[in-house]
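Peer 1: Handing you this structure, nothing more for now.
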Amino acid sequence: MKEIVVISGKGGTGKTSVTASFAYLSSANTVLADCDVDASDMHLLLKPELISSEDFFSSDLAVIDYDKCAGCGRCFEVCRFKAVSFELDKFKISDNNCEGCGYCANVCPSSAITLVKQNDGNLYISDTRLGKKLFHAELGPGAENSGKLVAKVKNNAKKYARENNLNIVLVDGSPGVGCPVISSLSGANFVVLVTEPTTSGIHDLSRVIQLVKKFHIKMGCVINKTDINYKASDGIKKMLVAENIPLLAELPYSDNFTHAMIKEVTVAEYDKGIRSMLQDAWDKINNLI
Amino acid sequence: MKIAFTSTGNSWDSKIDPRFGRAEFIFIYDDETKNNDIVDNSGVSEHAHGAGPMTAQIVTEKKVDIIITGNGPGGNAARVIEAAGIKVFSGAAEMTVKEAYEAYKKGSLKQS
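Sequences listed follow chains A and B, in order.
According to our numbering, the first sequence holds residues 1 to 289 in order.
According to our numbering, the second sequence holds residues 1001 to 1112 in order.
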């Protein structure tokens, strides 16, 4: 079983459009995982039908037991998130502001504060119109993506793939270089970097390359919207040569990315030219893993 | 010398867990005493963030000399491990613990 993860560093480079197209072009032996949980949108293109849903508990919320609380206000003093306030006759913790760090619980002389795990969202397994299973998640308001959530989504997808003898797990990773991205990379066999020729696109690409190198994972790059700035595209290509990273595809700027989204299909289904470029990229990936 | 393997189970035949921070088990082998010390690391996965440094803390406290894993630790964990003077060998993802140990002895694993 091989795990292919698509990441971008910068958001808005077309990562999910590319991943969803690969999902369309991939063989029937593929399982899909959407680990871009903060703003998951692959499901919009794949019309999932829910098979199962599971609650996801992750963040902690500090809760005061008023039978034990002596009203000393140590919690109010130490909270850096302004989550503790004094209202009428007692200290209260705001569930919106509490980060679950546990400082208050640690210093409370009456041991009146406990941390309670919160239901942050749901983990889903769905059937898609492509005939492939999609493992995804949805967060509640204010909840954030985490390495833990990404690991859960990925592990569910990998377990399903193993049990059903499917050989490819295709993962839509999250943007950035932080905890959720590291979690989506760990255990991967190949990383697809989707970038664009803009200053921030190049900057974030170079950071993400450094990160992937730490994990010794093979990678390849897709330059999207290459014709919006040829000079910058050339700069990216030089960087790829210096880093010994194969260029998988160079896609033109096209309104068809947006038109495809409006029609709720992948750009590979909507635009024949882009389909053949992405088919070529997908074939290259399969030869490299 | 103590060698720590990130593993998916608690035996020599268990597969290496390619992840470092969220590895399921840390299988520690002391090649002088020939003893195994197996740490169930699954609790670390229950933490939303900071899994890498937490596992790094565990291997540091166990005073291991070498870590054998799949992809290798991320930046934060690597800093802890480096400061503790522990060597990391990666690329053992598809192997069992036993195979990874043999590969290490043959010198076929990459030092990070």
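Glycine included, C-beta positions come from ideal geometry on N, C-alpha and C.
Just so we're clear, the structure is a prediction, and the values are computed from it rather than from any experiment.
Within the stretch 50-102 of chain A, note down every full beta strand (DSSP E) run reaching 3 residues or more, in order along the chain.
Peer 2: Those beta strand (DSSP E) runs which fall completely within the stretch 50-102 of chain A and span 3+ residues are 84-87 and 90-93.
Peer 1: Can you tell me the Cα-Cα spacing of A:Ala161 and A:Asp255, whole angstroms?
Peer 2: Whole-angstrom Cα-Cα distance: 35 angstroms.
Peer 1: With distances taken from CA atoms, which of B:Ile1003, B:Asp1040, B:Arg1022 and B:Phe1005 is nearest A:Pro180?
Peer 2: Of the candidates B:Ile1003, B:Asp1040, B:Arg1022 and B:Phe1005, the one whose C-alpha sits nearest the C-alpha of A:Pro180 is B:Arg1022.
Peer 1: Since B:Thr1060 is in the alpha helix (DSSP H), which residue starts that stretch and which ends it?
Peer 2: B:Thr1060 -> alpha helix (DSSP H) spans Ala1051 to Glu1061.
Peer 1: Figure out for me which residue from A:Val208, A:Cys35, A:Leu288 and A:Gly12 has the closest Cα to the Cα of A:Asn155.
Peer 2: It is A:Cys35 whose Cα lies nearest to the Cα of A:Asn155.
Peer 1: Of all Cβ atoms in chain B, is any one closer than 8 angstroms to the Cβ of A:Ile209?
Peer 2: Not an interface residue.
Peer 1: Sort A:Leu288, A:Ile274, A:Asn287 and A:Ile289 by Cα distance to A:Ser21 and report the nearest one.
Peer 2: Closest option to A:Ser21, Cα to Cα, is A:Ile274.
Peer 1: Any chance the stretch 191-205 of chain A sits against the stretch 27-44 of chain A, with 3 or more Cβ pairs inside 8 angstroms?
Peer 2: Short answer: they don't touch.
Peer 1: With H, G and I counted as helix, E and B as strand and the rest as coil, what does DSSP make of B:Asn1076?
Peer 2: Helix, per DSSP.
Peer 1: So with CB distances below 7 angstroms, who are the chain B contacts of A:Gly187?
Peer 2: Ordered by position in chain B, the residues that pass the 7 angstroms Cβ test against A:Gly187 are Pro1018, Arg1019, Gly1070 and Asn1071.
Peer 1: Could you give the distance in angstroms between the alpha-carbon of A:His216 and the alpha-carbon of A:Tyr124?
Peer 2: Cα to Cα, the separation comes out at about 30 angstroms.
Peer 1: Contact defined as beta carbons within less than 8 angstroms: I believe B:Val1064 pairs with B:Lys1002. What is the distance between those atoms, to the nearest angstrom?
Peer 2: Indeed, because the Cβ distance is near 4 angstroms, the residues count as touching under 8 angstroms.
Peer 1: If the cut-off is 9 angstroms on Cβ atoms, which residues from the stretch 1041-1052 of chain B count as contacting chain A, listed in chain order?
Peer 2: Cβ contacts with chain A come from Ser1045, Glu1046, His1047, Ala1048, His1049, Gly1050, Ala1051 and Gly1052.
Peer 1: Relative to the alpha-carbon of A:Lys213, which residue among B:Lys1106, B:Ala1100, B:Tyr1101 and B:Gly1091 has its alpha-carbon at the smallest distance?
Peer 2: Comparing Cα-Cα distances from A:Lys213 to each of B:Lys1106, B:Ala1100, B:Tyr1101 and B:Gly1091, the minimum goes to B:Gly1091.
Peer 1: Within the chosen definition, does the stretch 240-254 of chain A reach the stretch 43-62 of chain A through at least 3 CB pairs nearer than 8 angstroms?
Peer 2: Flag = no, the stretch 240-254 of chain A and the stretch 43-62 of chain A do not touch.
Peer 1: Can you give me the start and stop residues for the alpha helix (DSSP H) that A:Glu138 sits inside?
Peer 2: Where A:Glu138 is concerned, there is no enclosing alpha helix (DSSP H), although the beta strand (DSSP E) it sits in stretches over Lys133 to Leu139.
Peer 1: Could you check if A:Asn106 is buried or exposed, using at least 16 other CB atoms within 10 Å of its CB as the buried criterion?
Peer 2: Exposed, by the Cβ-count rule.
Peer 1: Tell me whether A:Leu247 counts as near the ligand GDP, meaning its Cβ is closer than 7 angstroms to at least one heavy atom of that ligand.
Peer 2: The model on display carries no ligand, and the ligand GDP is accordingly not part of it.
Peer 1: Grouping DSSP H, G and I as helix and E and B as strand, with all else coil, what is B:Thr1069?
Peer 2: Coil, per DSSP.
Peer 1: In the DSSP assignment, what residue or residues form a beta bridge with A:Ser108?
Peer 2: In the sequence as presented, Ser is not what sits at residue 108 of chain A; that position holds Cys. None; A:Cys108 has no bridge partner.
Peer 1: Quick check: what's the CA-CA separation for A:Arg80 versus A:Lys117?
Peer 2: Cα to Cα, the separation comes out at about 20 angstroms.
Peer 1: Please return the same chain residues whose Cβ sits closer than 8 angstroms to the Cβ of B:Gly1072, not counting the five positions on each side in sequence.
Peer 2: Excluding sequence neighbours, B:Gly1072 sits near Phe1020, Ala1078, Val1088, Ser1090 and Ser1112.
Peer 1: By a C-beta neighbour count over all protein chains shown, 10 Å radius and 16 as the cutoff for buried, is B:Thr1033 buried or exposed?
Peer 2: Exposed, since its Cβ has fewer than 16 Cβ neighbours within 10 Å.
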